[in-house]
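Here the sequence shown stands for residues -23 to -1, 1 to 116, numbered as in mature numbering (1 follows the signal peptide of the UniProt record, and there is no 0).
All C-beta atoms, glycine included, are put in the ideal place defined by N, C-alpha and C.
In what follows, a single structure is set out as structure tokens and then discussed.
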Amino acid sequence: MAKLRTFVAGIALAVLFAAPAAAQTISYQQAVGELGAACGADIGKFCKGINLGNGLGECMQKNEARVSQNCKTTFAATMASLDKRAAAQAAVPQLCASDIKRLCKEYDPGNGRILRCLLKFNDKVHANCNQAITDAGWR
């Protein structure tokens, strides 16, 4: 349930930064929706009136034994997908370094220009770079 606390504390931020993702990962918006559907009743039952943030995470942790199995299962799967997305986002610069050097020399970094270059030359980018971009939810 420690992961639940971390998620609930960041759920409000996740909504703000929601972006579409490919099938390999889940977007933050999708995560909020799935967890709301799977855990909403538990939150309403055990933590009614507690706002998003650390208070809700603590409440859910305190009631861990009573939280539905569906909520626990959905939470684990959702967190695994979000972790994969975050890892892919962190890995893109390294996995795509040779493609960036080879294809995007003329592009100035910043404001998504390098990513747009990689997407433009999608057919010339190495498979591992393309997969990381997809897993990062940037397509």
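Distance check between Ser58 and each of Trp115, Gln7, Arg116 places Gln7 closest, using alpha-carbon atoms only. Note that the C-beta distance between Glu11 and Thr55 is below 8 Å. Contact holds between the segment 67 to 76 and the segment 104 to 115, because three or more Cβ pairs, one in each stretch, are under 8 Å apart.
When DSSP states are grouped into helix, strand and coil, Phe98 belongs to the coil group. Straight across, the Cα-Cα distance linking Asn99 with Gln66 is about 17 Å. With at least 16 other beta carbons inside 10 angstroms of its own, Arg62 counts as buried.
By the Cβ neighbour-count rule, Gly87 is exposed, with fewer than 16 other Cβ atoms within 10 Å of its own. Annotated three-state conformation of Tyr5 is helix, per DSSP.
If you compare the alpha carbons of Glu35, Ser45, Lys39 with that of Gly13, the shortest gap goes to Ser45.
The shortest C-alpha to C-alpha distance from Ala53 to any of Cys94, Lys101, Lys22, Ala15 is the one to Ala15. If you look at Lys61, you'll find it in the alpha helix (DSSP H) that goes 46 to 72.
Secondary structure at Gly26: coil, using DSSP grouped into helix, strand and coil.
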